[in-house]
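Heads up: the structure comes next, in C-alpha cells.
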Amino acid sequence: MGAMQTTVPQTGGLLRRMLGLGGVPHAGRRRAPAVLWLPSVAVAIAMVLPLVYLVERSLDGGGEVVGLLWRMRTAEIAFRSAALVAVVTVASALIAAPLAWLTVRTDLPLRRFWSVVTVLPLVIPSYVGAFLVVVALGPRGMLQGFLESLFGIERLPDISGLWGAALTITLLSFPYTLLSVRAGLWGQDPALDEMSRSLGLGQWKTLWRVTLPQMRPSIAAGSLLVALYTLSDFGAVSLLRYETFTWAIYLQYETAFNRALAAGLSLVMIAAALSLVVLEAQARGRSRYYRAATGAARPASLVQLGPWRWPAFAFAAAVTALSLGMPLALLAYWAVRGIAAGETVELLWGNALNSVYASGLAAVVAVLAAVPVVVFTLRYPGRVSWVVERLAYTGFALPGIAVALALIFFGARFATPLYQTLALLVFAYVVLFFPQALGAIRSTYLQVSPRLSESAMSLGKSTTSILWRVTLPLMVPGMLAGGALVFLTAMKELPATLLLSPIGFGTLATSIWAAAEEAFFARAAVPALLLVAVSAVPTAFLILREPRRGQ
Amino acid sequence: MSVPAVQCTGVTKRFPHTSADALHEFDLSAEAGSILALLGPSGSGKTTALRIIAGFEAPDSGTVEIDGRLVAGPGRFVRADRRKIGMVFQEYALFPHLTVAANVGFGIEDRSVRGQRVSEALAHVGLTGLDARMPHELSGGQQQRVALARALCPQPSVLLLDEPFSNLDEALRKQVRREVRDILKFTGTTALFVTHDQDEALFMGDRVAVLDQGMLQQVATPEEIYHTPGTRFVAEFIGIGDFLPVHREEGRLTTVAGTLPWPSETMAEGAEVLLRPDDLTISPSESGQGIISDRQFQGSTYLYEVALEIGRTVRVMQHHTRQYDVGTKVDVRLIAEHRMACFVGGERVE
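If you read the sequences in order, they're chains C and X.
Residue numbers for the first sequence follow this note's numbering, beginning at 189 and rising by one.
Residue numbers for the second sequence follow this note's numbering, beginning at -13 and rising by one.
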C-alpha cells in the first residue's frame, strides 16, 4: 500500500516556497511534476542567456563602451531606425487594415483568392526584395532602361536610403498586420454590427463607429510585429545603404572589430525593441486583445460595396502585383537570364539542403521545447511559471544580429567546441523564433479543457501517461503550425545565418546574400527562387489551416 | 456498521488571495452503495468538497478516507490517479481524439479484459453499437452517458459527478437523471454528486447534504431536508417557505394565522415558524388580515402571495377552482396538523 501513495511533508521546504512550488497540502495549488517544470525552467534560462551575455560583454570595457556609444553617432543611427520603423509601420497598417476588412467583411470580387495571395509576400526575404528594388528601380535599373528607350532618361534618382528601404520592407511585412487584423475581424461578434444596423446606422457608419474601433487592438498587435521585423531587418537596409542599428552593428563587428561596442549597440537596439513592445501595450489600451468571441458561430453578413467594388478590386490587385507578382516575375526573369549566362542550379542543391536541414532542426527543437513550457505555464500558475512565460518570449524582442553576436562571444569564450557548429546556429534560430512555436501551441492548448486531464487522472493515469495519451495528441495541430512558422522564418533568417554558419556550411540565404552584395543579381535570382519555392510548402500548410469563417 | 465509502472529517480549505474558507470544518460520510447529493448555491463550496475528495485539490486541514483508506490528511496525500475514483464532469470532458470505445476503455490497463468491460459498460448505459463513433458525432445526452460509462468502467470505489445534468435541456434532464439513478442503483455504485438544483438533489439523493458559504448546514434524507430543515438557510433554500413570528400564550403557540398544532412551554421569545404554501389556506373576508398581492397560475393549483397587515408576506397554495383577484382582502388560516420547524435567528429551536 505504501507504494500506492505519494507522501508530502506537511511543511514545504524553504526553497520550494521561494520557488512558489508550495507543498501540496497547504499551498492551494498542485505542484508541477518535474517532467514539466525542469525543462521549462531550463528553456527560460536558455532564452535569456544571449541577453545576459550581451550585458556582461558590453560591461567588459567598463565605462569605455558608454563613452564610445556617445561618440559614435548612436543618436543618428537611432533616429534613422526610428524613422524607418515609423514609416513602414504606418504604411503597412494603411495597406493591411482596408485589405483585411475587404477580404473578410465585404462582397469584394475574388475575395478568397485575394485573402490567400496577399499573405504570400511573407515568403520573400527582405534581402531578396531589396535587390529586386535595386534591379528594377535603381539609378540604372530596368525602369531606367525602359525610360531611356522612350525618353532618353539616363539616370533615375537614387532609390537607396530611407524611401527605398521603407518601400521594400512595407511590401514584404504588411501581411503581419493583415493576418492579425483578419483574425481580429473573424473574432468580432457579428451581432454587434447587426445591432448597429438595427439602431439605424448605415453600413458605412457601422464600419466607422463599430467595426473600426474594434479593429484597434489587432492593428496594434500586427503593427508591433511589423515594427520589430523592421527594426531587426538587416538584409534590406544593408543592400539599400541605409544605416540602422543592424547594419551599424554588423559593420562594427566585421570591420572595426570592436566587439564590446557591437555588444553595446545591440543592447541599445534591444532597448528600442522593448520600448516598441511597451508602446503596443499602451496603444492597445484597455480594450481586450482580440480573441475569437465564444458563440460567434454565425458569419457576419457581408457589406455590399456597390459601385466601390471595382476601386476596391483595383486596390487589392495593385497591392498583390507590387508585393508578389512583380517580385516573382523579376526573379523568374533574372533566374532565366542567369541560367542562360551559365549559372548552374546543381551547385545550389547542397545549400538548399543545408537550409532545410538547419531550419528543420530548429523547428523540431523549438516545438519540443515549447510543449512543456505551454503546459507548465497554463496549468500550474505560480511565480515560477509567471517568470518562465515572460522569459520565454524574450526572443520576440531580440533582433537576429544581437543574438548571433551574443552566441559568438559566448561560444568563443565558454563553449569553444560549440563555436562555429551547426548546434550553435540552430540554438540561435530557436532563441529567435521560439515565441512563434510557443504562440501556436499555446492557442491550441488553451482550447483543451483541464477537465480532460482530470478525467484521465480519475481513471488512474499518471502524469506522464496523461501527457502522452491525452495532452500531446490534442496539441499536434498547434505543434505542426508552430513548427511550420519556425521553419519558414529560419529559412529566411540572414544575419544569424551569416555570423553563425559553420565554415563551409552554405545556405540559400548566404548564397543569395553573397551574390546580391556583389551586385551579381542574375546569380542571386536562382537561389532566391529556390528559397521561395521551398518556403511555399509550409506557407500553404499554414494558409489551409487558417479559419474560414465569414466565407 | 460497515466502513463508509467516503469519510470527510474536519476538512477545511482556503484558496490563496481569498478572505474566507471555501470549505470550513466539513464532515461527511457516504454509505457504500448510496447516492449522496451535495446541494448549495454557487460559491457554497460543494464543488471544492468534490474536488478534494477526488484529489484534484488538497485540504488545508482535516482528513479524507475512501473505503477506510486515508487519502488526504496530515503528511499524506494520495493523488487522484491512485484513489480509485470515477469522475463525471459537467462538460463531460470526453477525449475528442478517441472513439467512444477508446474513451470508455481509457481507464482499463489490462488489454485482455478491456473489450469485454467496454461492452458491458456501454450496455449498462444503453449505447451498445456506438463503439466506433467519435464524441462530436453524439448528441448531448449520449455524450453524457459515454462519460458515465467511462467513469464506471474501472469499477471505482466512489463515483463523483460535478453538475452532471446542467448541460442538458429541461426535458432531457428529467429523463437522463432517472436513467442515471437506475444505472447507479443497478450497479450498486456509491455516488456523490454536486448540484445547485434542489429538484435534482431531492430526486437523486438517498441523502442530501446542504452547504452554504463553505459550511455544511444539514445532511439528511430528502424528506427530512424538506419537512424539518436544520437551519433557516436550508428552510429558505429548499422549496417555498415563509416565516411568521410565534408567541407563547399559556402553553400554546400562536401566530397571526392561528395556533400551531402542538403545545409548548419552552419556545424561546422571538421565534419564527416555517410555513409551506400548503400549510395555509385563504378565504375572502372584509375583515381579513391580508391582501392578495400576486397570483401565479400553476396548472392544477394557484400560488397566491398575500401581504399581511403585520408587514410580512406569505405564499399560499390553493386548488385551481379557488380563483381570487389580486387586491382581494382575505383571511389567512393555518390548516397544517403536523409539527413545523421554528427558528431563532438562523438556528432551529424546539
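In this text, a Cβ means the ideal position worked out from N, Cα and C, and glycines have one as well.
Please read these numbers as outputs of a predicted model, since none were measured by experiment.
Taking the CB atoms as reference points, tell me whether residue i and residue j lie closer together than 7 Å.
i: X:ARG349; j: X:TRP248; result: Nothing about residue 349 of chain X can be read from this structure; chain X reaches only from -13 to 336.
i: C:PHE433; j: C:ILE265; result: yes
i: X:ALA44; j: X:VAL50; result: no
i: C:PRO363; j: C:VAL311; result: no
i: X:VAL74; j: X:LEU147; result: yes
i: X:LEU145; j: X:ALA137; result: yes
i: C:ALA281; j: C:ILE458; result: no
i: C:LEU256; j: C:LEU449; result: yes
i: C:PHE422; j: C:PHE709; result: no
i: X:THR314; j: X:PRO270; result: yes
i: X:GLY93; j: C:GLY375; result: no
From this set, the options, which residue's C-alpha is nearest residue i's C-alpha?
i: X:ALA16; options: X:GLU336, X:THR207 and X:VAL232; result: X:THR207
i: C:VAL507; options: C:ALA288, C:GLU252 and C:LEU226; result: C:ALA288
i: C:LEU688; options: C:ALA616, C:ALA716, C:LEU335 and C:ASP295; result: C:ALA616
i: C:ARG268; options: C:GLY548, C:GLY588, C:ILE312 and C:ARG429; result: C:ARG429
i: X:ASP192; options: X:ALA118, X:ASP183, X:GLU210 and X:ARG69; result: X:GLU210
i: C:LEU409; options: C:GLY390, C:TYR438, C:LEU355 and C:VAL466; result: Correcting the residue identity first, residue 409 of chain C is Ala in this sequence and not Leu. Minimum Cα distance to C:ALA409 is reached at C:VAL466.
i: C:THR565; options: C:PHE301, C:ARG601, C:LEU634 and C:SER511; result: C:LEU634
i: C:ALA628; options: C:LEU606, C:SER643, C:LEU662 and C:PRO605; result: C:LEU662
i: X:HIS3; options: C:ALA713, C:THR604, C:VAL636 and C:GLY570; result: C:GLY570
i: C:PRO313; options: C:SER420, C:TYR521, C:LEU350 and C:LEU335; result: C:SER420
i: C:GLY513; options: C:TRP537, C:ARG447 and C:LEU360; result: C:LEU360
i: X:ARG365; options: X:GLU333, X:GLY48 and X:ARG69; result: There is simply no residue 365 of chain X to check, as chain X begins at -13 and stops at 336 in what is shown.
Taking only beta-carbon atoms, is residue i less than 7 Å away from chain X?
i: C:PRO587; result: no
i: C:MET663; result: no
i: C:LEU449; result: no
i: C:LEU647; result: yes
i: C:VAL658; result: yes
i: C:ARG525; result: no
i: C:SER631; result: no
i: C:LEU640; result: yes
i: C:SER454; result: no
i: C:THR194; result: Confidence is the limiting factor: at C:THR194 the pLDDT is only 33, short of 50, which leaves the residue's position unreliable, though a coordinate-based value still follows. It does; some Cβ of chain X falls within 7 Å.
i: C:SER573; result: no
i: C:SER547; result: no
i: C:SER348; result: no
Can you tell me the Cα-Cα spacing of residue i and residue j, whole angstroms?
i: C:VAL553; j: C:VAL240; result: 22 Å
i: X:ARG131; j: X:LEU113; result: 8 Å
i: C:ALA436; j: C:ALA594; result: 16 Å
i: X:CYS(-6); j: X:LEU36; result: 11 Å
i: C:VAL398; j: C:LEU519; result: 43 Å
i: X:GLU123; j: X:LEU202; result: 41 Å
i: X:ALA6; j: X:THR33; result: 16 Å
i: X:THR267; j: X:TYR290; result: 10 Å
i: X:ALA254; j: X:ALA293; result: 26 Å
i: C:LEU673; j: X:ALA(-9); result: 52 Å
i: C:THR727; j: X:THR181; result: 49 Å
i: X:ASP311; j: X:VAL302; result: 14 Å
i: C:VAL322; j: C:THR418; result: 18 Å
i: X:GLU295; j: X:LEU158; result: 44 Å
i: C:LEU626; j: X:ILE71; result: 34 Å
Residue i and residue j look like a contact to me (Cβ under 8 Å); what is the Cβ gap, rounded to whole Å?
i: C:ARG711; j: C:GLU531; result: 6 Å
i: X:ALA40; j: C:SER646; result: 6 Å
i: C:THR582; j: C:VAL275; result: Contact doesn't hold; Cβ gap of about 27 Å is too wide.
i: X:VAL232; j: X:GLY276; result: Going by Cβ atoms, the distance from X:VAL232 to X:GLY276 rounds to 18 Å, so no, they are not a contact pair.
i: X:LEU22; j: X:LEU197; result: About 12 Å; that fails the 8 Å criterion.
i: C:GLY317; j: C:ALA424; result: 6 Å
i: X:SER250; j: X:LEU239; result: 5 Å
Could you check whether the Cβ of residue i sits closer than 7 Å to any Cβ belonging to chain C?
i: X:ASP67; result: yes
i: X:GLU77; result: yes
i: X:GLY93; result: yes
i: X:MET73; result: yes
i: X:HIS83; result: yes
i: X:ALA327; result: no
i: X:PHE12; result: no
i: X:PHE151; result: no
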